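All letters in the sequence shown, in the order written, are residues 1278 to 1605 by the working numbering.
For glycine and all other residues, C-beta sits at the position ideal for the given N, C-alpha and C.
If you're wondering where the values come from, they're calculated on a predicted model, not measured in any experiment.
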Amino acid sequence: MRPINIALIGLGTVGCGVYQTLHIHQQRLEKLVGAPINISTIIIEHPDKHQKIAAKTNVTTDVNTVLNNPEIDVVFEAIVGKEPAFSLLRKCIQAKKHVITSNKEMFATHGDELKNLASRYNVRIGYDATTAGGIPIIQTIQQLLKANQIQYVQAILNGTTNFILSAMREKNITFSSALDEAQNWGYAESNPENDIDGFDAFYKLMILSDLIFEKQPDIEHVTRVGIRNTTEESIQALQTEGKRLKHIAKIGHDAAGNLTASVELEAVSKEHPLYAVEGVNNAIHIKGDIVGDLTFTGPGAGSFPTASAMIEDFCILFKKERAPIAIG
Ligand code: HSE
């Protein structure tokens, strides 16, 4: 039987998680997608730095080896930043390859364009890993909350900032020691300013906005405040009042009907749905007009949680693709 041939762009924290998961769970995945799985090609900047790749996998810097290979069915993209990711994915789609991405900055900016292109080329895009790490929030909204009109979202969308705020409170340590810990765990971006200044949470919020409200708010209606000036004293003072400081991303409509969004610190008490979300966990609290309030919680960063979201996208994509063939 013809295998599903995979290309992987990027072998950092997330890419390694995907590579290892495809190996560790190969049998189960093959059963789910109904075909052998082959990691055909890996595109990385420095092939010489990665010695532990199976010999049958082509490790190269040249993306044309993927674009010109009609046997490659799907591309997992796990690099950071808008470029070259956007240009690469655009070319992959034009070469009729399905794509699965974890790149939030790129997808917050170019997601719509890629979705339109994918539908023109009759391929599919999985992007659950862009938002809230291992929590399957994109698929849940797409597949299971179709009839509900979601009225607003409030969420913890950055694992690093939540980890830092929790560590500062629990261990009474400084902001910079907590950031060092988050970096050691591999949660923070290569440029941690993206995390601590709220850009990363903002990108994820914009992806949710596109999905739920089919547009993004005007940038002048978005407040974005980071956590870098937070002191352990302020966190301890709130603790004595029974409150916790959380970095919360929100989106909804104001009284005039404008879509507004914010990413900022908020002191929340026990009753708040995000109060108990600790460490690297993320949570998304949404209000659907039929179901009411829902909260989804889980690991928001890290190699395997993010890989999990990409691998689940892969299973959905190929299960659906192949189902008509199996039935026919
Ligand atoms: N730096 C990101 C975070 C990684 O901490 O949430 C996951 O997107």
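Rounded separation between Q1297 and G1579 - CA only:
13 Å
Please state the DSSP three-state secondary structure of G1579.
coil
Reference N1393; option with closest CA among A1533, G1529 and I1370
I1370
List the DSSP bridge partners of T1574.
A1560
Looking at E1589 and the ligand HSE, is the gap between the Cβ and the nearest heavy atom below 8 Å?
no
Counting only runs that start and end within the region 1322-1390, where is the beta strand (DSSP E) found for 3 or more residues in a row?
1335-1337, 1349-1354 and 1375-1378
K1547 - DSSP class collapsed to helix/strand/coil:
coil
Less than 8 Å between the CB of V1557 and some heavy atom of the ligand HSE, yes or no?
yes
Do you know whose CA, among P1576, A1331 and L1551, lies nearest D1570's CA?
L1551
7 Å Cβ shell around I1450 - same chain, five flanking residues per side excluded
A1444 and E1509
Under the three-state DSSP convention, the category Y1296 falls into:
helix
Leaving out the 5 sequence neighbours to the left and right, which residues in its chain are closer than 8 Å to H1327 when beta-carbon positions are compared?
L1288, I1319, I1321 and V1336
If you run the structure through DSSP and keep just helix, strand and coil, what is N1393?
helix
Continuous beta strand (DSSP E) stretch holding A1284: start and end:
I1281 to I1286
Own chain partners of N1282 with C-beta closer than 6 Å, once the 5 adjacent residues on each side are dropped:
N1315, S1317, E1348, I1349 and D1350
What's the call for Q1420, buried or exposed, on a 16-neighbour Cβ count within 10 Å?
exposed
Can N1425 be considered in contact with the ligand HSE, in the sense that its beta carbon sits closer than 8 Å to one or more heavy atoms?
no
Write down the C-beta distance between A1586 and G1411 rounded to the nearest angstrom, noting that I regard them as a contact closer than 8 Å.
6 Å
Per the contact definition of three or more C-beta pairs closer than 8 Å, is the region 1398-1406 in contact with the region 1421-1428?
no
Quick one: which unbroken beta strand (DSSP E) runs of 3-plus residues sit fully inside the region 1496-1534? Chain order, please.
1499-1501 and 1520-1530
Should F1279 go down as buried or exposed, given a rule of 16 or more other Cβ atoms within 10 Å for buried?
The sequence as given places Arg at residue 1279; Phe does not occur at that position. Label assigned to R1279: exposed.
What distance in whole Å lies between the Cβ atoms of H1387 and K1368, which are believed to be in contact at a cut-off of 8 Å?
Actually they are not in contact, since the Cβ atoms of K1368 and H1387 sit about 13 Å apart, beyond 8 Å.
Any heavy atom of the ligand PLP inside 8 Å of the beta-carbon of Y1464?
This structure lacks the ligand PLP; its bound ligands are the ligand HSE.
Any chance the CB of D1474 is under 8 Å from a heavy atom of the ligand HSE?
no
Taking the alpha helix (DSSP H) that Q1460 falls in, what are its first and last residues?
F1452 to N1461
Taking 9 Å as the threshold (C-beta atoms), are F1440 and R1505 in contact?
no
Tell me which same chain residues have a C-beta within less than 7 Å of the C-beta of D1566, skipping the five on either side of it?
N1425, Q1426 and Q1428
For A1586, name the three-state secondary structure that DSSP assigns.
helix
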